[in-house]
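Structure first, then comments.
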Amino acid sequence: MTLKTVYNQSHRDLGAKMVDFGGWDMPIHYGSQIEEHHAVRQDAGMFDVSHMTVIDVHGAGARGYLRRLIANSVEKLKVPGKALYSCMLNELGGVIDDLIVYYLNDGFYRVVVNASTRDKDLAWMQAQASGFDVSLEERADLAMVAVQGPSARAKTLSLLSPEAAERAAALGKFMACDADGLFIARTGYTGEDGFEIMVPESQAVAFWNRLLAAGVRPCGLGARDTLRLEAGMALYGQDMDETVSPFEAGLAWTVALDEGRDFIGRAVLERQLADGSARQMIGVVMDGKGVLRHGQAVFAQCGQGEILSGTFSPSLSKAIALARVPAGEIGSVEVDIRGKRHPLRVVKYPFVRDGKAQPGV
Numbered sequence: 014m015t016l017k018t019v020y021n022q023s024h025r026d027l028g029a030k031m032v033d034f035g036g037w038d039m040p041i042h043y044g045s046q047i048e049e050h051h052a053v054r055q056d057a058g059m060f061d062v063s064h065m066t067v068i069d070v071h072g073a074g075a076r077g078y079l080r081r082l083i084a085n086s087v088e089k090l091k092v093p094g095k096a097l098y099s100c101m102l103n104e105l106g107g108v109i110d111d112l113i114v115y116y117l118n119d120g121f122y123r124v125v126v127n128a129s130t131r132d133k134d135l136a137w138m139q140a141q142a143s144g145f146d147v148s149l150e151e152r153a154d155l156a157m158v159a160v161q162g163p164s165a166r167a168k169t170l171s172l173l174s175p176e177a178a179e180r181a182a183a184l185g186k187f188m189a190c191d192a193d194g195l196f197i198a199r200t201g202y203t204g205e206d207g208f209e210i211m212v213p214e215s216q217a218v219a220f221w222n223r224l225l226a227a228g229v230r231p232c233g234l235g236a237r238d239t240l241r242l243e244a245g246m247a248l249y250g251q252d253m254d255e256t257v258s259p260f261e262a263g264l265a266w267t268v269a270l271d272e273g274r275d276f277i278g279r280a281v282l283e284r285q286l287a288d289g290s291a292r293q294m295i296g297v298v299m300d301g302k303g304v305l306r307h308g309q310a311v312f313a314q315c316g317q318g319e320i321l322s323g324t325f326s327p328s329l330s331k332a333i334a335l336a337r338v339p340a341g342e343i344g345s346v347e348v349d350i351r352g353k354r355h356p357l358r359v360v361k362y363p364f365v366r367d368g369k370a371q372p373g374v
């Protein structure tokens, strides 16, 4: 059975091309993926992300539970509304999912996980809750829309009451607040500034229409993917999964080996840190003609690897990708496209920041 968000009819009314995405009927674009991409880089675009799963963690044991559950440290969350990006690992150090945790108070955290991993995430989180004074509540009553781009915050703030607009305008990055009955977070998955907003389903379509009237352009999954890859942001299931550790997924910065915290998978990560990871994530660009796609073989001095996420970058007018290769000296790199090898250039990612190519890209 195909699932639908509360915005499904809105997408269809706007002429969206719909596709199956992890069992959800979602818009891939509304006519031009390229134009939607540029709208976010230059002005403001909005994405229906209501397929994401929101889980509220309540109880006196909530902090202790999350200290055990995730690889990053909730001890960093000291101010109500502060958010934390982390991976949730299995006992072998593989990534079950990447997620965001919001700290609301000592007995209340909000966790947002990926849509395609909902069932296994909920089952895992419930299993790990044993022994902790916590309860998990899935918030299926909340829709979510991401408003992203240089003008995103201003256009969103114009729709709020003066008091709510003042609160939302004061948010630092990776902070959230309740305003006008909305949960507004200054987070995103595009490399641009903006908000991710949780809206009660009963108000969701009206809020979407107000954003539309304010000049925020609807954007589909296609633009979301090119934007996040330009920003060097990993996609679960493509750049990481349960066989890949955060170190092998370029996410070492999300691991906190704080003293006295025995999180799931820690022992394996400590061994990888001591012995060195077997694989590494690199960013590559193709200056010649061609498109980089998931699964293409990559050849480097350190051995054979593969393209993980690859696309044609609308901002750079060239193919870019994240690739995983064996640990060691990378040296020159080539990709196999239909039996022919083409040279790639290794670069630091993100490829694009604040709408501009990063140095060396």
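In case it helps, the numbering used here puts the sequence shown at residues 14 to 374. Each residue gets a CB set at the ideal place from its N, CA and C atoms; glycine is no exception. Since the structure is predicted, the reported quantities are computational estimates derived from the model, not experimental observations.
Contact check, residue i vs residue j, beta carbons under 8 Å
i           : j           : result
residue 62  : residue 181 : no
residue 249 : residue 111 : yes
residue 340 : residue 320 : no
residue 75  : residue 99  : no
residue 82  : residue 116 : no
residue 177 : residue 154 : no
residue 144 : residue 73  : no
residue 267 : residue 107 : no
residue 71  : residue 147 : yes
residue 53  : residue 172 : no
residue 175 : residue 55  : no
residue 87  : residue 124 : no
residue 195 : residue 210 : yes
Among the options, nearest to residue i - alpha-carbon criterion
i           : options               : result
residue 343 : 312, 352 and 371      : 312
residue 305 : 327, 283 and 348      : 348
residue 109 : 345, 87, 15 and 141   : 141
residue 323 : 201, 197 and 244      : 244
residue 101 : 126, 196 and 77       : 126
residue 326 : 361, 70 and 365       : 365
residue 169 : 114, 57 and 123       : 57
residue 345 : 371, 315, 15 and 367  : 315
residue 37  : 310, 18 and 166       : 18
residue 300 : 239, 374 and 294      : 374
residue 212 : 230, 157 and 164      : 157
residue 133 : 254, 272 and 296      : 254
residue 283 : 191, 295 and 270      : 270
residue 293 : 258, 308, 259 and 338 : 338
residue 307 : 50, 261 and 242       : 242
residue 350 : 302, 179 and 372      : 302
residue 220 : 368, 372, 260 and 59  : 59
residue 362 : 298, 48 and 353       : 298
residue 368 : 51, 28 and 32         : 51
residue 48  : 230, 198, 265 and 272 : 230
residue 352 : 372, 370, 22 and 310  : 310
residue 185 : 139, 78, 92 and 149   : 92
residue 287 : 276, 272, 296 and 260 : 260
Whole-number beta carbon distance between residue j and residue i, since they are thought to touch under 8 Å
i           : j           : result
residue 203 : residue 161 : 4 Å
residue 104 : residue 318 : Not confirmed; about 26 Å, so no contact.
residue 274 : residue 80  : 5 Å
residue 263 : residue 280 : Wrong, their Cβ atoms sit about 21 Å apart, outside the cutoff.
residue 96  : residue 15  : Contact doesn't hold; Cβ gap of about 31 Å is too wide.
residue 189 : residue 94  : 5 Å
residue 10  : residue 207 : The displayed coordinates of the chain run from 14 to 374. Any statement about residue 10 would go beyond what the structure contains.
residue 285 : residue 328 : Not quite, the Cβ-Cβ distance comes to about 34 Å (not below 8 Å), so this is no contact.
residue 128 : residue 35  : 5 Å
Closer than 7 Å: residue i CB and nearest the ligand MG heavy atom
i           : result
residue 251 : Here there are no bound small molecules, and the ligand MG is not part of this structure.
**Prompt:** Fully enclosed by the region 170-230, which alpha helix (DSSP H) runs are 4 residues long or longer?
**Reply:** Counting whole runs of 4 or more residues, the region 170-230 contains the alpha helix (DSSP H) stretches 175-182 and 214-226.
**Request:** Would you list, in sequence order, the uninterrupted alpha helix (DSSP H) runs of no fewer than 4 residues that lie entirely inside the region 266-351?
**Result:** 279-288
**Message:** Extract the residue ranges of the beta strand (DSSP E) inside the region 99-169, only unbroken runs of 3 or more that lie entirely within it.
**Reply:** 108-118, 121-126, 148-151 and 155-161
**Item:** At least three beta-carbon pairs within less than 8 Å, the region 349-369 to the region 323-334
**Value:** Contact between the region 349-369 and the region 323-334 is established, with three or more Cβ pairs separated by less than 8 Å.
**Asked** Is the region 37-44 touching the region 227-239 in the sense that three or more CB pairs, one from each, lie closer than 8 Å?
**Response** yes
**Message:** At 3 residues or longer, what runs of the beta strand (DSSP E) sit wholly inside the region 65-89?
**Reply:** Runs of the beta strand (DSSP E) lying entirely within the region 65-89 and spanning at least 3 residues, in chain order: 66-71.
**Asked** Could you give the uninterrupted runs of the alpha helix (DSSP H) lying entirely in the region 230-254, keeping only those of 4 residues or more?
**Response** 234-243
**Message:** Three or more C-beta pairs under 8 Å: does that hold for the region 215-230 against the region 64-73?
**Reply:** no
**Prompt:** Which runs of the beta strand (DSSP E) spanning at least 3 residues fall entirely within the region 15-55, listed in chain order?
**Reply:** 30-34 and 37-42
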